[in-house]
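One structure is given below, encoded as structure tokens.
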């Protein structure tokens, strides 16, 4: 070992802690040695030297791999750092690595294989053409039984396979025809030789084949697939299937079998008929094999996981379920992966029409085997029993992955795809109930697990069962003994709720009864009885998992309970009498279980408080207020959590009277004052949340604002808006100021500081700061919203000259925002440098700049709705730097921004503003508007004789050309576009109502349950104002989810205008005018279709 090698080895020893020294200095020494041309050879020698400590060898291999990524090729390395090694050095490294791929130490073999893969990314095939040949030669030597010891054979095979796995993932589709004839024959020999090669080696072989198959299929050319891959795989199809259906089955084989099933899934789904056409027995043989595999895997899984306490020796002996199992390569084995692969295989075949009919004949039996997989494993029961957080986390289907959730997904998919799904479900439930009863009679301690699955399925597919029972569907009647839901309730459901020693059975029963209660069928559970059941399940004496499951169920059914109460003249006492206990129990759960239950607990509170707002909610206001004050600090970090919190606060406030509102304010104001006045010492999320709470309180402070709001809160908010540099905090403070203007503009005018300045002056000062062209673009968004509020809520005579200053400041800030996204920062065009007509919606800068631009443009849109002539006069009087009126540029920008307005008040105001301005221009004949042109549709100037396709490069390099049209025509087209959006939304709403009806009363003709989700599997309610119930109807008076009520426009008459009727009337009026041809000649086909759909134009 030369001096350089010794220095490197010593530095590695220090880094690993094997020798004393400064680790930082050792790392710096290694970095300095990277400049040596021999450095990669030194690393390769250290890696392959069996006399060196394993830790140092492994670190040398890792360092070599990183060196390759940083130095190997100046032109190809994304993060290249000089120097680049010479070709001779690269050759020496390749030789050493390949020669040592059979190293006796597994960790070193793996590290060497990874280094080979890294080098191959740059050198193969051009500079390392013999790599694949050498790797396959190693495998062939082992396969032919050369004079190698078993240990050597195993090491060489493992090293070569590890390198091939990494290399196959980097192969491009262009390499397939060259490498598959070399690789796949050797891989197929390994796959079919289970005696000579272990399961780990065969698993790696399947992984390589899968990578090559996926790369080949990406070409979308069946001939290439059959020539390059299919011809080699054809002989081993029967062998692979036979291995999967064999009765000999061990845990160690599951990883290999999982890879095989994934390969078969790809072949069956992507290459229809390839597997079945080369399998003995054809397509029926494939489905029979699938059924046998499912039975075997299910039996093994149940013994291994579900009944681990009394496991059969053939299924793992006395191996602990929590103990890691590794294969011969040292890789961890998890049997669940085989189950996931099999479920994906089932789903793939069911989704393919060719296989679906054959699979349908096995549907009842397949459904029962899937139901057996739904049983709770012993390890899961232990985890859930010891941790509520684990139970809740595993119940979130959007965040968690488990066999149970995956099986439910497959069963729901079956319900969509198979018309006879109810037949299979009915037979499965009968089997589950009868088997559970038999096990119970025999004293089996796990008898309840199948009953728990049955109740879970009844709840999950309740709408299907209810509809088919009500209709007397023949497929249900032929399924042996038909399911009678009233019998289920009396014989299984209610007794399960009383099983005090089986908490998870009670959870399933609660889920089931909550689902069934929404279906008003004879003999079934009634919705009005559900609160009593939930109140009992929430009591402190119940198991923790049942209590948190009850919280989730309460949040889901709250809206339905509210509908029941609202449907009668007086609230139903059967429901309302339990509301106090429900609130108290939810609060106790929040206190006991904390953060994991926070979102569900808040939503449950929200749901309960909306059931009887004028009765219970009003009486519980002080209690809930105290709860909210205590919970404030816990609801800051996650936006969805804070949103539900604010919804509860708003519910409490809107149901109260003046005295209760004052009590609510008195409870919150001390905490909010602390947040505002000490904002420099608090985290920004605390101040931001305090601002949002303030918005709710101020908007509800009617008829007059509390004096503390003006004397202490208002100055503190203004101070933050003027001094803070946090864009989010500034935006929130501006929203608070807008709320002041919306509900208490008179109080703001009356308030004065010690020097006689009134509140409007302070808000103007804030606006001036935010309109400063040197400030961040995000400030401009808040500035535009604040300017709109000032102009709408404060009289012109009160603003005096400030009105003109606000508009000029808005223009000045707008003129500094970049417009065109395709240009660099140094040459970005702005409003004043924009060429006439040279702007299009698709070219505008998006993101925060786009939001700021839309907010500032909206200032002029608001004024155009009220005073179009005044806006025209103002914009015509303001010159750009070249002395030209800025009006044309602002109008073009408005037209380009119009499609980006999505809030309800923005759409309404902008549509009415466009209409007013269009009619005003037509009526007045104002040439200042008539002469403006802007961009219309893109012109496709390809010759009709040129049938050659435009490549992506040609399309991107060829500049787009747009038709120039009059501004008034552009405005007319934008209004048609807005009408088209309204029609599209109506159509979507109608389809949604039909889907909701299908979900409520059952499924579609194929038994679809796409709208159903488990109570215990619901994800966190991301949109707190939207109804999260998987089966409940939407509330007519809900807040609309994403739609946020703007304080300035909430009471504006514009919010009550029927925009569709307004636009239809506008177009009818225009179409009858003699000048309408100036508009109609620019119609596109889609625009004509919209006008014909609403009856403005007749069908020609």
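Residue numbers (UniProt numbering): 1 to 1100. Positions of the beta carbon are idealized from the N, C-alpha and C atoms, including for glycine.
query = Quick one, are the C-beta atoms of residue 516 and residue 503 less than 7 Å apart?
reply = With respect to residue 503, residue 516 sits apart: the two C-beta atoms are not nearer than 7 Å.
inquiry  = Only counting the same chain, and skipping five residues up and downstream in sequence, which positions put a Cβ closer than 6 Å to that of residue 508?
reply    = 452, 455 and 456
ask   = Fully enclosed by the segment 693-774, which alpha helix (DSSP H) runs are 4 residues long or longer?
value = 714-723, 727-750 and 759-770
message = Quick check: what's the CA-CA separation for residue 371 versus residue 421?
response = Cα to Cα, the separation comes out at about 14 Å.
ask   = What's the call for residue 651, buried or exposed, on a 16-neighbour Cβ count within 10 Å?
value = buried
query = Which class does residue 326 belong to by DSSP, given the choice of helix, strand or coil?
reply = If DSSP states are grouped into helix, strand and coil, residue 326 belongs with the strands.
message = If you follow the alpha helix (DSSP H) that residue 67 is in, where does it begin and where does it stop?
response = 54-71
query = Thinking C-alpha only, which one of 94, 866, 160 and 851 is nearest residue 101?
reply = 160
task = Please report the Cβ distance between residue 302 and residue 375, rounded to the nearest whole angstrom; I am assuming they are in contact, meaning their Cβ atoms lie under 8 Å.
result = 7 Å
query = For residue 57, which of 9, 883, 899 and 904 has the nearest alpha-carbon?
reply = Measuring C-alpha to C-alpha distances from residue 57 to each of 9, 883, 899 and 904 identifies 9 as the nearest.
key: Option nearest residue 1103 by Cα separation, candidates 622, 1047, 687 and 76   = Absent from the model: residue 1103. The displayed extent of the chain is 1 to 1100, so no value can be given.
task = Compute the Euclidean distance between the alpha carbons of residue 741 and residue 793, then round it to the nearest angstrom.
result = 6 Å
query = What does a CB cutoff of less than 8 Å around residue 335 pick up in its chain, not counting 5 residues either side in sequence?
reply = Around residue 335: 251, 254, 300, 301, 304 and 305.
query = Between which two residues does the alpha helix (DSSP H) harbouring residue 1085 extend?
reply = 1085-1093
ask   = Applying the criterion that 16 or more other CB atoms from any shown protein chain within 10 Å of the CB defines a buried residue, is residue 655 buried or exposed?
value = buried
key: Segments of 4+ residues assigned as alpha helix (DSSP H) that fall wholly inside the segment 79-125   = 87-99 and 106-123
inquiry  = Between 775, 785 and 803, which has its C-alpha nearest residue 813's C-alpha?
reply    = 775
task = Tell me whether residue 352 sits in a helix, a strand or coil according to DSSP, three-state version.
result = coil
task = Return the Cβ separation of residue 716 and residue 677 in integer angstroms, given the expectation that the two are a contact with Cβ distance under 8 Å.
result = Indeed they touch by this definition, with Cβ atoms about 6 Å apart.
request  = Report all residues from its chain with a CB closer than 6 Å to the CB of residue 854; omit the five preceding and five following residues, and keep chain order.
outcome  = 897 and 900
key: Delimiting residues of the beta strand (DSSP E) encompassing residue 1053   = No beta strand (DSSP E) holds residue 1053; DSSP gives it neither H nor E.
One or two residues paired with residue 879 in a DSSP bridge = DSSP, once it has assigned bridges, lists 885 as partnering residue 879.
key: Cα-Cα separation between residue 800 and residue 735, rounded to whole angstroms   = One alpha carbon belongs to residue 800, the other to residue 735, and they sit about 24 Å apart.
ask   = Does DSSP classify residue 966 as helix, strand or coil?
value = Three-state result, residue 966: strand.
query = Roughly how many angstroms separate the alpha carbons of residue 140 and residue 172, rounded to a whole number?
reply = When rounded, the distance between both Cα atoms is 25 Å.
query = For the alpha helix (DSSP H) that contains residue 245, what are its first and last residues?
reply = 237-245
message = Taking the straight line between their C-alpha atoms, what separation do you get for residue 44 and residue 77?
response = 20 Å
request  = Determine the DSSP secondary structure at residue 7, reduced to helix, strand or coil.
outcome  = helix
query = Do you know offhand how far residue 575's Cα is from residue 363's?
reply = 42 Å
query = Whose C-alpha, out of 908, 889, 937 and 902, is nearest the C-alpha of residue 931?
reply = 889
query = Between residue 298 and residue 373, which are expected to be in contact by the criterion C-beta below 8 Å, what is the C-beta distance as a whole number of angstroms?
reply = With 8 Å as the limit, residue 298 and residue 373 qualify as a contact, their Cβ atoms being about 6 Å apart.
ask   = By the 10 Å Cβ neighbour count, where 16 or more other Cβ atoms means buried, how is residue 1084 classified, buried or exposed?
value = exposed
task = Please list, in chain order, all residues of the same chain as residue 667 whose beta carbon is under 6 Å from its beta carbon, the five residues on each side excluded.
result = 625 and 629
Spatially closest choice to residue 74 from 206, 85 and 287, by CA coordinates = 85
ask   = Taking the Cβ atom as the reference point for each residue, do residue 916 and residue 868 lie within a distance shorter than 7 Å?
value = yes
query = Does the distance from the C-beta atom of residue 228 to that of residue 177 stay below 7 Å?
reply = yes
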